[in-house]
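Visitor: Below: one structure in structure tokens.
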Amino acid sequence: GAVVSQHPSRVICKSGTSVKIECRSLDFQATTMFWYRQFPKQSLMLMATSNEGSKATYEQGVEKDKFLINHASLTLSTLTVTSAHPEDSSFYICSGEDSGTPSQETQYFGPGTRLLVL
Amino acid sequence: AQSVTQLGSHVSVSEGALVLLRCNYSSSVPPYLFWYVQYPNQGLQLLLKYTTGATLVKGINGFEAEFKKSETSFHLTKPSAHMSDAAEYFCAVILYSGGYQKVTFGTGTKLQVIP
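These protein sequences, in sequence, are chains C and Z. Quick note: the first sequence uses our numbering, first residue 658, plus one each step. Quick note: the second sequence uses our numbering, first residue 136, plus one each step.
Listed below in structure tokens is the structure:
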């Protein structure tokens, strides 16, 4: 099956710093990538949908200036948490939609990035 | 609007017993339905999916689910639980809106397998 990687898998940073998380589709091209956030003991919440070469579409309540998303190529999307605060600590998961799959009904998920802001 | 309800945030079964995880959905159009499994500190792994065709779908690790339109349900089952099945399971609905996929997850059910 299709593989999505995320880097780093875990990151600890000081409050006020920015953190970049990379999401890569390793064996397929992803025109569309999705970023999710998962709070402890809760489900995944969609943060934004990013399309290669265009601006991301953010879900209601997600701060665009705080969570910067860049989808510069068909295999890479990045999420930058700017001026991170402890409340941003969470598990961030990305997924990619295979552009080559005719029905495109499946997203392939990355392994997630655990962010801890001190 | 679409929604997914998973009954029971925690389910405990004995090893070898039947596993039944419940999922009900609400959707204005025929949905695509998915079950994902998440092991601790890991991402999601697709177990199985229903898009069209046969309503009983088989997935990996011996799991299967049946789409029942009349009951708006997509319950996940496995005849005999293994210790390795202990994980959190998420039901999800995917709809296409404005040319994009929109995924809605349930709140998850944590499965505990008792030896």
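Note that CB positions come from ideal geometry on N, CA and C, so glycine has one too.
1) If I'm right that Asp220 of chain Z touches Val164 of chain Z with Cβ under 8 Å, what's the distance once you round it to whole angstroms?
2) Check this for me: beta carbons of Ser700 of chain C and Thr242 of chain Z, under 9 Å apart or not?
3) Alpha carbon to alpha carbon, how far is Asn708 of chain C from Tyr715 of chain C?
4) Spatial neighbours of Phe202 of chain Z within its chain, please: CB distance less than 7 Å, with the 5 preceding and 5 following residues excluded, ordered by chain position.
5) Counting only C-beta atoms, is Gly241 of chain Z closer than 9 Å to chain C at any point?
6) Relative to chain Z, which residues along the segment 676-707 of chain C have a C-beta separation below 9 Å, given in chain order?
7) To the nearest angstrom, report how far apart Phe198 of chain Z and Met218 of chain Z are at their CA atoms.
8) Going by CA-CA distance only, name the one from Z:Gln173, Z:Gly151, Z:Ser138 and Z:Tyr160 that's closest to Thr244 of chain Z.
9) Identify whether Asp755 of chain C lies in helix, strand or coil by the three-state DSSP scheme.
10) Counting only Cβ pairs nearer than 8 Å, list the residues of chain A close to Gly767 of chain C.
11) Output the distance between the C-alpha atoms of Ser161 of chain Z and Phe240 of chain Z, rounded to the nearest integer angstrom.
12) Ordered along the chain, which non-local residues of its own chain (more than five positions away) have a Cβ less than 7 Å from that of Gly757 of chain C?
13) Give the residues of chain C in contact with Val238 of chain Z, contact being defined as C-beta atoms less than 9 Å apart.
14) Would you please state the rounded distance, in angstroms, between the beta carbons of Cys670 of chain C and Ala741 of chain C? I believe it to be under 8 Å.
15) Would Tyr160 of chain Z pass as an interface residue toward chain C - the criterion being a Cβ-Cβ separation below 9 Å?
16) Have a look at the DSSP bridge pairing and note the partners of Ser612 of chain C.
17) In this structure, how does DSSP classify Lys203 of chain Z when only helix, strand and coil are distinguished?
18) Strictly under 9 Å for the Cβ-Cβ distance: is Gln663 of chain C near chain Z by that measure?
19) Can you tell me whether Asn196 of chain Z is helix, strand or coil according to DSSP?
20) By Cβ distance, which residues of its chain are closer than 8 Å to Ala152 of chain Z, with the 5 residues on each side in sequence left out?
21) If you draw a straight line from the C-alpha of Gly673 of chain C to the C-alpha of Arg694 of chain C, how long is it?
22) Between Leu703 of chain C and the rest of its own chain, which residues show a CB-CB distance below 8 Å, the 5 nearest in sequence each way excluded?
23) Give the interface partners of Phe225 of chain Z over in chain C, defined as CB-CB distance under 9 Å, in chain order.
24) By how many angstroms is the C-alpha of Lys723 of chain C removed from the C-alpha of Pro697 of chain C?
25) Could you check the C-alpha separation between Ala659 of chain C and Leu156 of chain Z for me, to the nearest Å?
Guide: So, from the data block:
1) As a first step, residue 220 of chain Z must be located in the second sequence, where it is residue number 85. As a first step, residue 164 of chain Z must be located in the second sequence, where it is residue number 29. Actually they do not touch by this definition, with Cβ atoms about 32 Å apart.
2) Against the first sequence, residue 700 of chain C aligns to sequence position 43. Against the second sequence, residue 242 of chain Z aligns to sequence position 107. With respect to Thr242 of chain Z, Ser700 of chain C sits close: the two C-beta atoms are nearer than 9 Å.
3) For the purposes of this step, residue 708 of chain C is taken as residue 51 along the first sequence, with counting starting at 1. For the purposes of this step, residue 715 of chain C is taken as residue 58 along the first sequence, with counting starting at 1. Computed Cα separation, rounded: 12 Å.
4) Within the second sequence, residue 202 of chain Z is the residue found at index 67, counting from 1. Leu168, Tyr185, Thr190 and Phe209, listed in sequence order.
5) Taking the first residue of the second sequence as 1, we reach residue 241 of chain Z at position 106. Yes - at least one Cβ of chain C is within 9 Å of the one on Gly241 of chain Z.
6) The residues in question are Thr689, Phe691, Tyr693, Gln695, Lys698, Gln699, Ser700, Leu701, Met702, Leu703 and Thr706.
7) Residue mapping note: residue 198 of chain Z aligns to position 63 of the second sequence, counting from 1. Residue mapping note: residue 218 of chain Z aligns to position 83 of the second sequence, counting from 1. If you take the alpha carbons of Phe198 of chain Z and Met218 of chain Z, they lie about 14 Å apart.
8) Taking the first residue of the second sequence as 1, we reach residue 244 of chain Z at position 109. Looking at the Cα atoms, Z:Gln173 is the closest of the given residues.
9) Translated into the one-based positions of the first sequence, residue 755 of chain C becomes position 98. When secondary structure is reduced to three states using DSSP, Asp755 of chain C falls in the strand class.
10) Of the protein chains in the structure, C and Z, none is chain A.
11) Here residue 161 of chain Z corresponds to residue number 26 of the second sequence, with the count starting at 1. Here residue 240 of chain Z corresponds to residue number 105 of the second sequence, with the count starting at 1. Rounded to the nearest whole angstrom, the C-alpha separation of Ser161 of chain Z and Phe240 of chain Z is 12 Å.
12) Position 100 of the first sequence holds residue 757 of chain C. The answer, listed in chain order, is Phe685 and Gln686.
13) Position 103 of the second sequence, counted from the start, is the residue given in the question as residue 238 of chain Z. Val238 of chain Z reaches chain C at Phe691, Tyr693, Leu701, Leu703, Ser752 and Gln764, counting residues in chain order whose Cβ is nearer than 9 Å.
14) Translated into the one-based positions of the first sequence, residue 670 of chain C becomes position 13. Translated into the one-based positions of the first sequence, residue 741 of chain C becomes position 84. Ala741 of chain C and Cys670 of chain C do touch by the CB rule: their CB atoms are close to 6 Å apart, below 8 Å.
15) Along the second sequence, one-based indexing puts residue 160 of chain Z at 25. Closer than 9 Å: no.
16) The shown model of chain C, from 658 to 775, leaves out residue 612 of chain C, and the question about it has no answer.
17) Indexing the second sequence from 1 puts residue 203 of chain Z at position 68. Here Lys203 of chain Z sits in strand by DSSP.
18) On the first sequence, residue 663 of chain C is found 6 positions in, with the first residue counted as 1. Look at Gln663 of chain C: its C-beta is under 9 Å from a C-beta on chain Z.
19) Here the question's residue 196 of chain Z lines up with position 61 in the second sequence. In this structure, Asn196 of chain Z counts as helix in the three-state DSSP scheme.
20) Taking the second sequence and counting its residues from 1, one reaches residue 152 of chain Z at position 17. Ser215 and Ala216.
21) The sequence position of residue 673 of chain C within the first sequence is 16, counting from 1. The sequence position of residue 694 of chain C within the first sequence is 37, counting from 1. So the alpha carbons of these two residues sit roughly 20 Å apart.
22) Taking the first sequence and counting its residues from 1, the one referred to as residue 703 of chain C is at position 46. Closer than 8 Å at Cβ, skipping near neighbours: Phe691, Trp692, Tyr693 and Glu716.
23) As a first step, residue 225 of chain Z must be located in the second sequence, where it is residue number 90. What Phe225 of chain Z touches in chain C: Ser700 and Leu701.
24) Here residue 697 of chain C refers to the residue found at position 40 of the first sequence. Here residue 723 of chain C refers to the residue found at position 66 of the first sequence. In a straight line, the C-alpha of Pro697 of chain C is about 21 Å away from that of Lys723 of chain C.
25) Within the first sequence, residue 659 of chain C is the residue found at index 2, counting from 1. Within the second sequence, residue 156 of chain Z is the residue found at index 21, counting from 1. A direct Cα-Cα distance of roughly 26 Å separates Ala659 of chain C from Leu156 of chain Z.
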